[in-house]
């Protein structure tokens with residue numbers, strides 16, 4: 006059975022990538038939310054748990070046995086080698102999980118994977134095309150202030166740590182503008198048509 010096309014949707018915090026994914030879901034396209042799925046796997050996958058504890062110690066999980074996000078984040082925050090080691094534990098499991106998930110949805114013309122961190126299509130990530138959702142930084146800050154219980158300083162620090170839009174553009178096959186001036190729905194419908202055509206041209 007042939008796998009459906011896998012479309013990666015990425016973008017910085019507050020860019021609106023989840024909104025774009027919800028629009029795809031309105032078109033009956035299945036969406037794999039990699040970041041929330043990674044959290045679930047980190048709590049429930051014994052292979053990840055064993056390796057994370059070996060890397061960071063027992064404090065990586067709390068007394069209830071749940072992933073101690075605050076402890077882990079503070080451990081890897083300014084320690085690049087440790088962060089890379091942690092990602093090397095979690096990412097391969099998420100990648101395997103994505104492929105299994107896509108393999109169960111062969112009836113769909115294409116499926117979408119939403120992730121904050123993404124490589125170029127074909128670079129060890131199984132995606133066929135990458136869609137970048139962009140919005141101006143000031144607008145992103147305002148959105149997150151309204152949505153999350155964070156200070157402006159915290160938000161700007163997160164944006165600063167994330168991959169820059171310039172770097173993301175280098176891996177993007179398509180860009181969706183999610184500023185207040187651009188309409189989102191026509192852009193997503195255009196992409197939908199594009200991916201349907203790409204899918205049918207495979208046959």
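In this note's numbering, the protein residues as written are 6 to 208.
Cβ atoms here follow ideal geometry from the backbone N, Cα and C, with glycine treated the same way.
Contact set for residue i: own chain, Cβ-Cβ below 7 Å, skip 5 residues either direction
{"i": "residue 34", "result": "113, 115, 116, 117"}
{"i": "residue 43", "result": "95, 99"}
{"i": "residue 106", "result": "37"}
{"i": "residue 4", "result": "The first residue shown for the chain is 6 and the last is 208, placing residue 4 beyond what the model contains."}
{"i": "residue 120", "result": "13, 15, 39, 40"}
{"i": "residue 102", "result": "42, 46"}
{"i": "residue 88", "result": "81"}
{"i": "residue 92", "result": "none"}
{"i": "residue 108", "result": "8"}
Euclidean distance between Cα positions of residue i and residue j
{"i": "residue 40", "j": "residue 62", "result": "23 Å"}
{"i": "residue 90", "j": "residue 206", "result": "40 Å"}
{"i": "residue 97", "j": "residue 69", "result": "26 Å"}
{"i": "residue 209", "j": "residue 17", "result": "Because the chain here runs from 6 to 208, residue 209 falls outside it and cannot be looked at."}
{"i": "residue 203", "j": "residue 60", "result": "42 Å"}
{"i": "residue 160", "j": "residue 66", "result": "26 Å"}
{"i": "residue 177", "j": "residue 125", "result": "7 Å"}
{"i": "residue 195", "j": "residue 201", "result": "10 Å"}
{"i": "residue 193", "j": "residue 32", "result": "10 Å"}
{"i": "residue 4", "j": "residue 163", "result": "The structure shown does not extend to residue 4, since the chain is modelled only from 6 through 208, so no value can be given for it."}
{"i": "residue 15", "j": "residue 75", "result": "24 Å"}
{"i": "residue 139", "j": "residue 131", "result": "22 Å"}
{"i": "residue 158", "j": "residue 45", "result": "28 Å"}
{"i": "residue 146", "j": "residue 64", "result": "32 Å"}
{"i": "residue 142", "j": "residue 19", "result": "8 Å"}
{"i": "residue 7", "j": "residue 199", "result": "19 Å"}
{"i": "residue 110", "j": "residue 153", "result": "33 Å"}
{"i": "residue 179", "j": "residue 191", "result": "14 Å"}
{"i": "residue 197", "j": "residue 155", "result": "34 Å"}
{"i": "residue 77", "j": "residue 104", "result": "27 Å"}
{"i": "residue 151", "j": "residue 30", "result": "24 Å"}
{"i": "residue 79", "j": "residue 10", "result": "37 Å"}
Own chain, CB closer than 8 Å to residue i, minus 5 neighbours either side, in chain order
{"i": "residue 189", "result": "21, 24, 25, 28, 181, 183"}
{"i": "residue 47", "result": "53, 54, 57, 72, 95"}
{"i": "residue 168", "result": "17, 122"}
DSSP bridge partner residues for residue i (one or two, in chain order)
{"i": "residue 13", "result": "118, 135"}
{"i": "residue 81", "result": "In DSSP, residue 81 forms no bridge with anything."}
{"i": "residue 36", "result": "117"}
How about the region 133–144 and the region 79–90: do they share at least three Cβ pairs that are nearer than 8 Å? Output reads no: the region 79–90 does not touch the region 133–144.
Does the region 163–175 come within contact of the region 51–59, defined as at least 3 CB pairs closer than 8 Å? Flag = no, the region 163–175 and the region 51–59 do not touch.
Of all the alpha helix (DSSP H) runs that stay within the bounds of the region 162–208, which reach a length of 4 or more residues? DSSP assignment within the region 162–208 yields the following whole alpha helix (DSSP H) runs of 4 residues or more, N-terminal first: 170–176, 189–206.
Those runs of the beta strand (DSSP E) which lie wholly inside the region 17–73 and span at least 3 residues: As far as the region 17–73 is concerned, its whole beta strand (DSSP E) runs of at least 3 residues are 36–38.
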